[in-house]
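Following the working numbering, the numbering of the sequence shown begins with 1 at its first residue and continues without gaps.
Virtual Cβ for every residue (Gly too), placed ideally from N, Cα, C.
A quick note: this is a predicted structure, and the numbers were derived from the prediction, not measured.
Taking it in order: structure first as C-alpha cells, then the write-up.
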Amino acid sequence: MTRAPALLPDERVIARRPRGLKPLLTGIALTGLAGVVIFAAVSWAATGTVRERGLVEFLVIFTALNAVLHPLARRRMDYCLTDRRLLIGPDRAIPLEDIAGFAVGPHSLTVTDRASHSYRIMALRRPAWLATRLNRCRAGGAPETGTCAS
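Written as C-alpha cells, this is what we have:
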C-alpha cells in the first residue's frame, strides 16, 4: 500500500476532506440506512413480507462490512488542496500549474491535467466551493479572500 504524499515544509493547506469520527460515522450510518431500505424493499417485493429476524441479520452483517470498508473507500476519495499542489487519494499529487481545467458535477469535481488525464474527486458536499478555491490557487491569489495577484 502506498502512502500519501507528504506536505512540503512551506506548503499551506487550503482545503481538505473533513476528517475525524463524525463524518466517518455519518457515512456509515447513511450507507447502512440505504442498505436496509433496499433490502426491505427487495424482500417485500419477492415474498410479500419483511421478516424482522432477516432484517436484523442483514443489518448486523451489512453494518460490520460497512464499518470495515467505509474507511478504505474514504481514503481512496480523499483530497487535499495546498497552495502548490492538489493531492488526490493516497498516491496522486498534481502541481497546480499542470492543471488544464476541471468540470463541476452535482457531487464531484473532475480535474484534467495537461497530459489529458482526468482525476475525479467524488462524494463532495460542495464541489463548486472546491472549484473556486482551486481556481483562486491557480491564479496565484489568496484563496480565502479571493484576491488575485497581478
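Separation of residue j from residue i, as counted between CA atoms
i: G48; j: F39; result: 13 Å
i: L87; j: R76; result: 11 Å
i: L7; j: P95; result: 12 Å
i: R12; j: G101; result: 22 Å
i: T147; j: D83; result: Low local confidence applies: a pLDDT of 48 at T147 is under 50, so the model's placement there is unreliable, with the coordinate-based value given in what follows. So the two alpha carbons sit approximately 14 Å from each other.
i: I14; j: A41; result: 43 Å
i: A45; j: L65; result: 25 Å
Limits of the beta strand (DSSP E) - the one that residue i falls within
i: A100; result: 99-104
i: A15; result: 13-16
i: L81; result: 79-82
Identified DSSP bridge partners for residue i
i: A93; result: L87
i: V111; result: F102, Y119
Span of the alpha helix (DSSP H), counted from its first residue to its last, around residue i
i: S43; result: 21-47
Neighbourhood of residue i by C-beta, 8 Å cutoff - its chain only, sequence neighbours within 5 removed
i: M1; result: With a pLDDT of 39 at M1, under the threshold of 50, the predicted position of this residue should be treated as unreliable, though the coordinate-derived value follows. Same-chain partners within the cutoff: P90.
Neighbourhood of residue i by C-beta, 6 Å cutoff - its chain only, sequence neighbours within 5 removed
i: G35; result: F62
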